[in-house]
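Undergrad: Handing you this structure, nothing more for now.
Here it is in structure tokens:
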């Protein structure tokens, strides 16, 4: 436990990435889960969008992690560091397929495994594709074909595309009309309210063991104004505020400390 956490009665910094998960149910996360549950029951394609840091990846991962593994087979892919073929191989590997090196074979293997899970094992494949706004037009077209099973009366898998709002701009282009018609769920996460943001900060602090006032009312307001409803920005500002406050020997963080934290988080 470092000095800056000890000063505020914290067992750890709850605002940094990879800290112990302290999840807060918000209006948006609850609505996202309801929409995702509908997608789970309906099957087909779903789209979950939001600006960076709004919690879409957390919502998707939390929902996917809650699915019964005896009924659902989850495969998670992110495009942050993948080539197109790496992406297809990751989808195949997530379904338990030994990835091959030919695209046509990958298509056939993925389709075969989806059918095997859905029709023989009675397990629904759930393919979560994060950063889907980075998908090329060709890959989006391929996905529509890959998960098209004309002989069946309903979709055999769930394919969830998670990305920034430009994903919807791409999907609205005429070239993706057939894919867009197969989308059964589309939800945009716009951010949390100030009241939820206030609760978010308090729950994070309590979850990390603090039983004292850490941010005064003006400091809390300054964090929420600067963050604009984005949980990731709340985390960044609060984390930096803890370090600045401790370095200045402040037992309670004030608005001036938050302003310095906001300045530190801005690119020069």
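In the numbering used here, the protein residues as written are 930 to 1197.
A virtual CB, placed ideally from N, CA and C, is assigned to each residue, including glycine.
So, with DSSP's three-state summary, where would you put residue 1059?
TA: Taking the first residue of the chain shown as 1, we reach residue 1059 at position 130. Residue state, collapsed to three classes: strand.
Undergrad: Exposed or buried, what is residue 1151 when buried is set at 16 or more other beta-carbons lying within 10 Å of its beta-carbon?
TA: Within the chain shown, the letter at position 222 stands for residue 1151. The residue in question, residue 1151, is buried, as its Cβ has 16 or more Cβ neighbours within 10 Å.
Undergrad: Give the straight-line distance between the Cα atoms of residue 1075 and residue 936, rounded to the nearest whole angstrom.
TA: Indexing the chain shown from 1 puts residue 1075 at position 146. Indexing the chain shown from 1 puts residue 936 at position 7. Rounded to whole angstroms, the gap between the alpha carbons of residue 1075 and residue 936 is 55 Å.
Undergrad: Which of the three DSSP states, helix, strand or coil, is assigned to residue 1112?
TA: Along the chain shown, read from residue 1 onward, the residue named residue 1112 stands at position 183. When secondary structure is reduced to three states using DSSP, residue 1112 falls in the strand class.
Undergrad: Mind checking who residue 974 pairs with in its DSSP beta bridge?
TA: As a first step, residue 974 is located in the chain shown; it is residue number 45 there, counting from the start. For residue 974, which the question treats as bridged, DSSP gives the partners 1088 and 1112.
Undergrad: From this set, 1042, 1043, 1018 and 1023, which residue's C-alpha is nearest residue 1032's C-alpha?
TA: Position 103 of the chain shown, counted from the start, is the residue given in the question as residue 1032. It is 1018.
Undergrad: Would you decide whether residue 1014 is buried or exposed? Buried here means 16 or more other CB atoms lie within 10 Å of its CB.
TA: Taking the chain shown and counting its residues from 1, one reaches residue 1014 at position 85. When all chains shown are included, residue 1014 counts as exposed.
Undergrad: Specify the secondary structure class of residue 1005 as computed by DSSP and reduced to three states.
TA: Within the chain shown, residue 1005 is the residue found at index 76, counting from 1. When DSSP states are grouped into helix, strand and coil, residue 1005 belongs to the strand group.
Undergrad: Does residue 1030 pass the burial test, meaning 16 or more other C-beta atoms within 10 Å, or should it be called exposed?
TA: As a first step, residue 1030 is located in the chain shown; it is residue number 101 there, counting from the start. So residue 1030 counts as exposed.
Undergrad: Suppose you measure from the CA of residue 1024 to the CA of residue 1179; what does that come to, to the nearest Å?
TA: The residue labelled residue 1024 in the question sits at position 95 within the chain shown. The residue labelled residue 1179 in the question sits at position 250 within the chain shown. Straight-line Cα distance between these residues: approximately 52 Å.
Undergrad: Where DSSP assigns a beta bridge to residue 1144, which residues make up the other side?
TA: Counted from its first residue, the chain shown places residue 1144 at position 215. In the DSSP output, where bridge partners are listed per residue, residue 1144 has 1182.
Undergrad: For residue 1158, does the three-state DSSP call read helix, strand or coil?
TA: Looking up residue 1158 in the chain shown gives position 229. Of the three classes helix, strand and coil, the one that applies to residue 1158 here is coil, per DSSP.
Undergrad: How long is the line joining the alpha carbons of residue 940 and residue 1142, rounded to whole angstroms?
TA: Taking the first residue of the chain shown as 1, we reach residue 940 at position 11. Taking the first residue of the chain shown as 1, we reach residue 1142 at position 213. About 15 Å.
Undergrad: Could you give the distance in angstroms between the alpha-carbon of residue 1027 and the alpha-carbon of residue 960?
TA: For the purposes of this step, residue 1027 is taken as residue 98 along the chain shown, with counting starting at 1. For the purposes of this step, residue 960 is taken as residue 31 along the chain shown, with counting starting at 1. Distance between the alpha carbons of residue 1027 and residue 960 is about 37 Å.
Undergrad: Anyone know if the C-beta pair for residue 1140 and residue 979 falls short of 8 Å?
TA: The sequence position of residue 1140 within the chain shown is 211, counting from 1. The sequence position of residue 979 within the chain shown is 50, counting from 1. Contact flag unset, no.
Undergrad: With DSSP run on the structure shown, which of helix, strand or coil describes residue 955?
TA: Here residue 955 refers to the residue found at position 26 when the chain shown is read from its first residue. Three-state DSSP puts residue 955 in coil, outside helix and strand.
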